[in-house]
Each structure stands twice: as C-alpha cells, then as structure tokens.
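Asks: Numbering (the working numbering), first residue to last: 55 to 223.
Idealized CB from N, CA, C, for every residue including glycine.
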C-alpha cells in the first residue's frame, strides 16, 4: 500500500472520529463550537497516528513487493538489447549527430514520436554489452541536390554509452 492510500484511510478514520464526537455532543446538547473543538481535538491526532500506523504496517510490505517487481521487470528488459540500452546508456542523440557529420551535403531526419530514428537493436557481443542499432528514417542530399533515403547504423557500448562505430549508405 502506498502513502496516498494510507492517508486516505487515515482521513476516513479521522472523519469517523469527528462524526462520533458530533453525535455524542448533540445527544448531550453541547454547543456547536464545543462539538467542533472537541471533534477536531480528537480527529487530528487520530489522523496522524492512524496514517503512521497504517503506512508502517502495510506500506513497507507493499514497497518491498513493488521493488521486487521492478527488479524482475528490469532483469527481463535487460535480456533484449533495446531494453538494456534504454535502462543503461542509449546514445541515440549522439549517434544521430555523428551520422549527420558523415554526410557530404545536407542531411535530414524523418523520425518522429511514432517513427523513432533507430528501430532495430541487435546484440553484437552480449558479454561485453556491445549493441548495434539500425534505422532508415533519414535522407541525405546527393551532389545534384536531390534527397535520397538512407539506412544507417550505430554501434555502441551499452554499459558506458561510448560510440564505437557509425555509418550510413
């Protein structure tokens, strides 16, 4: 259980405590100001004590469960190269800038949110965490001024983010 849920439950308990004081106070014909004062005097400590108790009892257990699920998800993602690159060092921007510099003339990227620049990730060496990524969302200008679609690749170390090689054709 997270902190928000425990605060919500504590608020419900505090409201119930206030309602109880209000009920008892009206039966005993207390003044309205006294009911509010005594109700708040009871409800505020009840809120803080119950929120700490609820989070202390269920919060740690839920956090450990979430941490275990996150670790399992991360381990599963690390098995495939795109998951490993996204969780560690994915130098997409650096590779794009390096590939642009290879062009003799103008170079345009056609990538977008729905069409990323690099779509294919392949392990070159899983032991040394070397990954190569490929894509085809770019155009290079030739000597006549016409733009031609190009395919490109970038090889990098997934642990450090160091670019090892890059090319387009």
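Is it the case that the Cβ atoms of residue 146 and residue 172 are separated by a distance below 8 Å?
Replies: Looking up residue 146 in the chain shown gives position 92. Looking up residue 172 in the chain shown gives position 118. A contact, by the Cβ cut-off of 8 Å.
Asks: Would you mind giving the Cβ-Cβ distance between residue 141 and residue 132, rounded to the nearest angstrom? I have them listed as a contact below 8 Å.
Replies: Locating residue 141 in the chain shown gives position 87, counting from the first residue. Locating residue 132 in the chain shown gives position 78, counting from the first residue. Yes, residue 141 and residue 132 are in contact; Cβ-Cβ is about 6 Å, under 8 Å.
Asks: Following the continuous alpha helix (DSSP H) through residue 79, name the residue where it begins and the one where it ends.
Replies: Along the chain shown, one-based indexing puts residue 79 at 25. Residue 79 -> alpha helix (DSSP H) spans 57-81.
Asks: For residue 217, which residues in the same chain have their Cβ closer than 7 Å to its Cβ, ignoring the five residues on either side in sequence?
Replies: Position 163 of the chain shown, counted from the start, is the residue given in the question as residue 217. Taken in chain order, the residues that qualify are 145, 148, 149, 152, 208, 210.
Asks: Leaving aside the five residues before and after residue 204 along the sequence, list all residues of the same chain whose C-beta is less than 8 Å from its C-beta, in chain order.
Replies: As a first step, residue 204 must be located in the chain shown, where it is residue number 150. Residues of the same chain with a CB within less than 8 Å of the CB of residue 204, apart from the 5 flanking positions on each side, are 190, 192, 193, 194, 222, 223 in chain order.
Asks: Could you give the DSSP three-state label for residue 180: helix, strand or coil?
Replies: Here residue 180 refers to the residue found at position 126 of the chain shown. DSSP places residue 180 in coil when its eight states are reduced to three.
Asks: When DSSP builds the beta bridges, which residues end up paired with residue 221?
Replies: As a working note, residue 221 is residue 167 in the chain shown. BP columns for residue 221 point to 207.
Asks: Is the CB of residue 194 under 8 Å away from at least one CB in chain B?
Replies: Among the chains in the structure shown there is no chain B, since it carries only a single protein chain.
Asks: Quick check on the DSSP output: the alpha helix (DSSP H) that includes residue 86 runs from which residue to which?
Replies: Position 32 of the chain shown, counted from the first residue, corresponds to residue 86. Start and end: 86-108.
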